[in-house]
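Worksheet for the structure shown next.
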């Protein structure tokens, strides 16, 4: 049951995208995949074949077994097949007659006589072969040729007569080893048994090959020399045994090796093959199967074993298993290409070592030896039970101090900061990176944590001394509750620290927005252009009413975004995202073109209304906004004398002189300039005085409270009076009731916006509101 659950778990893990795996697990999987890919390339190129062959040589020596004893090898010490040596054939004939007298079971002549010698020698050999009758088998040779294929070397019929034939084909590799033998061969159109198969008593003409088992000592194979045999100097009993006659190793045409021996007679691979078949063929596990098995086993370990120490033990067991498999394979008759899984494990160890080295560089500061913020993130990700808060201290003026300190004192400065932060808790683990020092606090209560951080701030009232220099330290804190993804919460704490201020907000608590909301904000930035093209972003228009006549004198263009998923998105929200994404110019250009086109249409229908467009003060830092307006006027044909540009967020004007140049350029094109939201925030009189405004727009905060607040009423009255004396227009926005409209009119502010007069509406509704839209009945 445990195994089933483990398999189910690893299946679920493998279905995850790589990005959803923990950082450590994802890197381990990547390292394993790279290792497997390299090992697979090595397998395809058979680059590790020499290593496998050496391992098989070792394997065959680890444990040996006795041969069957049925096969006896008789060697010749000269090349008796050569036609110029008829005495060799005569000698072989004598040996065959002697073997016939010994009542042997079978005799295999692993020598081919392709040419004639003397008549007497050939006739003598032919008669000896005939004497043995069916007990003698001639071995035809297949010699490998790289360019022209196999070449057959066969004993001539004059000698062979009707004797049975088998085939021996040389499959010795470049290292001198022969690891396989075929069951049959085709020679001159005839399929015959191989020598090895025939020696084992297999006469059926089956296809395929088999692996040769060398787990027996070549010294255990009975080996006689023909000269000794003919001289009668041997006492080996041959009755009922199989005799193979072949060349001695030193005169062999092909240098053949067997494990444990430098060279052996070229007949030995067939004898080893026959002994293998007699004992039962060995199984073979190829490199791909072995590589796949060890890859899956390693993947199983690295995904399911969470403890690094346990993983190291598992990796060691995997490495140890290779020689164990090698030994057991010899005992159980299994040969495997283990070099490729060995390469996989070695490559994986090397890549993991490289990754850990890189992690060391990435996670630890070389100069101070302190762990970096990334290390905190990884530790929190691994501790699934971690609770409390992440605290990030921001050291103000850190970069300036680093610039002035000698290099040898910079690390001392950071360590002094760390030492002071540890004053109340010497066991606190601190993580340092740049001007941030972070730690994990187990405190759940935000108020108590804030009190503790206030105490830490007080400790930094005293300067820090580094190499005799006194350095004042400014510090503030960002705090994020650890209630979600540690990486996201750490980022939130860092962002909060950056937003903190020594004077105004020394401790900033990050909001716990949902990850969905954060991703939604990011997606807004990516979809702004697409939304404008799709018509999801559009303009509505709020009328400006002359309260004396009750007529509409102009409209203010307001941008809206209706998302197909979330519906209407608050303007302040998506405008802020536009700024973060650097798309304010694109949004402003869109509003310019849309609003000017609407104004042109209204003029065409007979009413000369002004069109007011909001312009962010951030765009007054250069002349780009001038080009935007010029292009919009040119493409729409709208009369710029009816265009009013309402400058918003004037507190964000960085350079008043540049802003004045930009606004004067806009005015030279015919537009009028209005200061929006006057009276609130940092919309101050200095800005009002310095810039060429033609109109002031009273903020809704004061207008909406005129009826119930004498202060609000007085502020509005003073702004109206100031406008009259400065000879600029005054517009009030935010009128919500008739009493407010009446009071504004009595004060002399006759241009008013507000829901009591008209809501923002689409262009078609504006045309209906002004009485310019033709009815459907009239068209009919």
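Residue numbers (our numbering): 3 to 782.
No residue lacks a Cβ here, since even glycine has one placed at the ideal position from N, Cα and C.
If you're wondering where the values come from, they're calculated on a predicted model, not measured in any experiment.
Compare the C-alpha of residue 471 against each of 414, 74, 343, 452 and name the closest. 414
For residue 1, which of 570, 534, 600 has the nearest alpha-carbon? What the structure shows of the chain is the stretch from 3 to 782, and residue 1 is not part of that stretch, so it cannot be assessed.
Taking just the CA atoms, how far does residue 264 sit from residue 110? If you draw a straight line from the Cα of residue 110 to the Cα of residue 264, it is about 25 Å long.
Starting from residue 124, trace the alpha helix (DSSP H) in both directions and tell me its first and last residue. 121-134
Looking at residue 93: is its Cβ nearer than 8 Å to the Cβ of residue 226? With respect to the 8 Å criterion, residue 93 and residue 226 are not classified as neighbours on the basis of their beta carbons.
Provide the residue span of the alpha helix (DSSP H) that contains residue 313, from first to last. 310-334 is the span of the alpha helix (DSSP H), which, as asked, contains residue 313.
Whole-angstrom C-beta distance between residue 106 and residue 245, which should lie under 8 Å: Correct: roughly 5 Å between the Cβ atoms.
Cβ neighbour criterion (16 or more within 10 Å) applied to residue 58: buried
In or out: residue 456 buried (at least 16 other Cβ within 10 Å) or exposed? By the Cβ neighbour-count rule, residue 456 is exposed, with fewer than 16 other Cβ atoms within 10 Å of its own.
Exposed or buried, what is residue 479 when buried is set at 16 or more other beta-carbons lying within 10 Å of its beta-carbon? buried
Where residue 573 sits in the DSSP three-state scheme: helix
Taking just the CA atoms, how far does residue 298 sit from residue 16? Only weak support exists for where residue 16 lies, its pLDDT of 46 falling under 50; the value from the coordinates is given anyway. Their backbone Cα atoms lie some 11 Å apart in a straight line.
Closest to residue 321 by CA distance: which of 330, 747, 690, 344 is it? 344
Excluding the five sequence neighbours on either side, which residues of its own chain have a C-beta within less than 7 Å of the C-beta of residue 128, listed in chain order? 160, 161, 163, listed in sequence order.
Can you check the segment 66-121 for any alpha helix (DSSP H) of at least 4 residues that lies completely inside it and give the ranges in chain order? 88-103
Helix, strand or coil: how does DSSP classify residue 374 here? coil
State the start and end residues of the unbroken alpha helix (DSSP H) segment that holds residue 749. For residue 749, the uninterrupted alpha helix (DSSP H) run begins and ends at 740-749, by DSSP.
Under three-state DSSP, which class holds residue 280? Secondary structure of residue 280 (DSSP, three-state): helix.
Out of 108, 154, 237, which has the shortest C-alpha to C-alpha gap to residue 200? 108
CB residue 763 to CB residue 542, shorter than 8 Å? yes
In whole angstroms, what separates the C-alpha of residue 272 from that of residue 359? 53 Å
Span of the alpha helix (DSSP H), counted from its first residue to its last, around residue 58: 51-64
Specify whether the segment 640-659 and the segment 601-616 touch according to this definition: at least 3 beta carbon pairs, one from each stretch, less than 8 Å apart. yes
Taking only three categories from DSSP, how would you classify residue 488? helix
Which residue from 120, 537, 99, 423 puts its Cα closest to that of residue 477? For residue 477, the nearest C-alpha among the options comes from 423.
Counted within 10 angstroms of its Cβ, other Cβ atoms place residue 510 as buried (16 or more) or exposed: buried
Starting from residue 496, follow its DSSP beta bridges and name the residues at the other end. Paired residues: none, contrary to the question.
CA-to-CA distance, residue 282 to residue 64, given in whole angstroms: 19 Å
Rounded to whole angstroms, what is the Cα-Cα separation between residue 503 and residue 512? 14 Å
Across which residues does DSSP place residue 787 in a beta bridge pair? Because the chain in this structure spans residues 3 to 782, residue 787 falls outside the shown range and cannot be described.
With distances taken between CB atoms, is the gap from residue 340 to residue 327 smaller than 8 Å? yes
I need the boundaries of the alpha helix (DSSP H) containing residue 143, first residue and last residue. Element bounds for residue 143: not the alpha helix (DSSP H) but the beta strand (DSSP E), 138-145.
Mind the definition here: the segment 702-722 touches the segment 745-758 only if three or more C-beta pairs lie below 8 Å; say whether that holds. yes
Under the rule that 16 or more other beta-carbon atoms within 10 Å means buried, what is residue 61, buried or exposed? buried
Decide if residue 467 is buried, meaning its Cβ has at least 16 other Cβ atoms within 10 Å, or exposed. exposed
Anyone know if the C-beta pair for residue 130 and residue 156 falls short of 8 Å? no
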